[in-house]
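Trainee:
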Amino acid sequence: MATKKKQLFSSTPQGGSGLMPWLGIAAIVILLDQLTKIAIQKTFVFGEEKVITSFFNLVLAYNKGAAFGFLNSQPGWQRYFFTGVAVIAVGFILYMLKRHAGQRLFCWALALIMGGAIGNAIDRLAYGHVVDFLDFHIAAFGHFPAFNVADSAICIGAALFVFDELRRVNRQ
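Residue 172, in the UniProt record's numbering, is where the sequence shown stops; the numbers in between run on with no holes.
#1: Roughly how many whole angstroms lie between the Cα atoms of G157 and V45?
#2: Since V149 and G119 should fall inside the 8 Å C-beta cutoff, what is the C-beta to C-beta distance between them, to a whole number of angstroms?
#3: Tell me the start and end of each unbroken beta strand (DSSP E) in the stretch 122-149 that is at least 3 residues and wholly inside, in chain order.
#4: Pull up the CB-CB distance for D151 and G116, whole angstroms please, since I reckon it's below 8 Å.
#5: DSSP three-state call for residue 176: helix, strand or coil?
#6: Would you mind working out which of D33, F55, A26, W22 sits nearest F141, comparing C-alpha positions?
#7: Using the Cα positions of F133 and I122, report the straight-line distance between them to the nearest angstrom.
#8: So the alpha helix (DSSP H) L19 belongs to, where does it begin and stop?
#9: Kindly provide the ranges of any alpha helix (DSSP H) runs that are 4 or more residues long and lie completely inside the stretch 77-114, ordered along the chain.
#10: According to the neighbour-count rule (16 or more other Cβ atoms, all chains shown, within 10 Å of its Cβ), is T12 buried or exposed?
#11: Please say whether V29 and G153 have beta carbons closer to each other than 8 Å?
#12: So Q41 packs on K64, CB below 8 Å; how close in whole Å?
#13: If we ignore side chains and look at the alpha-carbon of each, how far apart do R167 and V59 end up?
#14: Pull up the distance between the alpha-carbon of V130 and that of Q34, whole angstroms please.
#15: On the DSSP bridge list, what partners appear for N57?
#16: Between Y62 and the rest of its own chain, which residues show a CB-CB distance below 8 Å, the 5 nearest in sequence each way excluded?
#17: Mapping DSSP to helix, strand and coil, what is K6?
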C-alpha cells in the first residue's frame, strides 16, 4: 500500500489554506523591516534625530537587549541568547501555522510575530544589535523607547493573538 508523503510547505494541508500565505506575510514584514533599517542607517548617524511632528521623530538608535532596552547594558551574551530565542520561536510558529493554517486571524498574528522575530534576529546576527528608529513622545510622559517595523509587527501580532483568543472564548 502506497502512502502519501506529507510536505512541510504543502499548499493545501488538511483543514487549512497552507503555509505559503503566512510565509508570504512574514516575508513582507522582513523585507519592509530590513529596507527601512537600511534606509535609516544610510541617512542618519548614530543618535541623530529628525523631528517629523510634535510627537514623532526619526532617530538612529541601537538596542543590544530586548524590548525597552532590557539587558541592553550586558557584555554581549544577549546577542546569541535572543537570536536563539527567535530561532526557537520561529520553529514553534511554523509548527503552529502548519497545524492551524485555516484559522486566519490566528495565523495572521503568528505570521506578523514570526516576520518581526526574524527581522530583529537578522540585525542581531549582522550588527550585534537591533536597529531602532521610530521615536514617539508625549510631553507629559517623555520619549518612549525607539522601535522599528519588526517590533511593530510583533506588537500588532500579539494584539491580534489576544483579540482572536478573546473572540474564541466569547463564542463558547
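Ideal Cβ positions, reconstructed from N, Cα and C, are used throughout, including at glycine. Everything numeric in this text was worked out from a predicted model, so none of it was measured.
Mentor: Well, looking at it:
#1: 30 Å
#2: Contact between V149 and G119 holds, since their C-beta atoms are separated by about 7 Å, short of 8 Å.
#3: Runs found: 130-138.
#4: Their Cβ separation, rounded to whole angstroms, is 6 Å, which keeps D151 and G116 in contact under 8 Å.
#5: No information on residue 176 is available, as it lies outside the stretch 1 to 172 that the chain covers here.
#6: F55
#7: 16 Å
#8: From DSSP, L19 is part of no alpha helix (DSSP H); its letter is neither H nor E.
#9: 77-99
#10: For T12, the predicted structure reports a pLDDT of 44, less than 50, and the residue's modelled location is therefore unreliable. The matter cannot be settled from this model.
#11: Note that residue 153 corresponds to Ala in the displayed sequence, not to Gly. It is a contact, given that the beta carbons lie within the stated cut-off.
#12: With a Cβ gap of about 16 Å, Q41 and K64 do not count as contacting.
#13: 37 Å
#14: 11 Å
#15: V51, D135
#16: F46, Y127, H129, V130, V131, D132
#17: Reliability of the predicted coordinates at K6 is poor, the pLDDT of 49 falling under 50, and no value is obtained from them.
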